Amino acid sequence: MRTPRDWGVILIAIAAAVGPGCARPQALLAPEPGVTFAAHHAGDRVTLDRLPSGARGALESPAWPHLPDEPSFVLRAGSETRAALWIVGHSRVLVRRDADTTSPRVAEVLSAWDAGALRLTLFQEDGPTLAVDRFAREQGADPAPLSRAAPLGGTYRAATRDAQGAAVGWLRVRVEPPLAPVYDGVLPDTIGDALAAAVALALDGEVAWIEEHPSR
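Just add 30 to wherever you are in the sequence shown, counting from 1, and you've got our numbering.
Pasting the structure below:
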């Protein structure tokens, strides 16, 4: 995931491009049939083309200037702010109900690299903890993992599993330059919009890090 310094540079760029009080129109993509979650990187934001509720939205910088305790991004759907998200360190996205640090935690995504391959763990208030398998490239007889040690490109997929290890959905990362990365999948009915947005942010941060640090 991007370092705090990287996100600080991004937030400065967002503020300079958008300006105070301005909202850009969302560049939406048509999700594939059957997916319950879809998002893509669009300029200075992550656009949520489909949230589990059926809504569309975006992850945007909350304000300028960015204050230390403010969230890194807020989830907006239409005119409504639905959640606030903080990037914590290199591997955590913390979600609160609103932009106050005293607001209850409603969801969290942890990223980890297992033998060089990306895994996620998903937490949600009053919901099950879900584990996401290693992301592996779909094409080819020997599927390569989504890794910091290998060139990035193609379609990567991972099963989402409940506490008993049963598959309850899947997530996918599509990287096809010069197109923007796309993140989608099928999530269980228990997963809300806030956690889905955190998944998109975590995946986008990891993909961005790999793109900015190509393997040699």
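Using N, Cα and C, we set each Cβ at its ideal position, and we do this for glycine too. Just so it is clear, the structure is predicted and the values come from calculations on it, not from any experiment.
Looking at S177, D156, R127, the one whose alpha-carbon comes closest to that of A145 is S177. Below 8 Å, enough C-beta pairs join the region 207-221 and the region 69-80 to call them touching: three or more.
P63 has no beta-bridge partner at all, per DSSP. Bounds of the beta strand (DSSP E) holding A137 are 135-144. A residue is called buried once 16 or more other Cβ atoms fall within 10 Å of its Cβ, and R135, having fewer, is exposed.
Per DSSP, the continuous alpha helix (DSSP H) segment holding L225 begins and ends at 223-242.
G183 counts as exposed, since fewer than 16 other C-beta atoms from the protein chains shown sit within 10 angstroms of its C-beta.
CA-CA distance, G195 to W94, rounds to 43 Å.
In this chain, the beta strand (DSSP E) harbouring R187 covers 184-191. Counting only runs of 4+ residues, no alpha helix (DSSP H) is found wholly inside the region 79-167.
Per DSSP, reduced to three states, the secondary structure at L209 is coil, with no helix or strand assignment. Of the candidates D156, P175, P158, G157, the residue whose Cα lies closest to the Cα of R164 is P175. Taking the C-beta atoms as reference points, F103 is found no nearer than 8 Å to L124.
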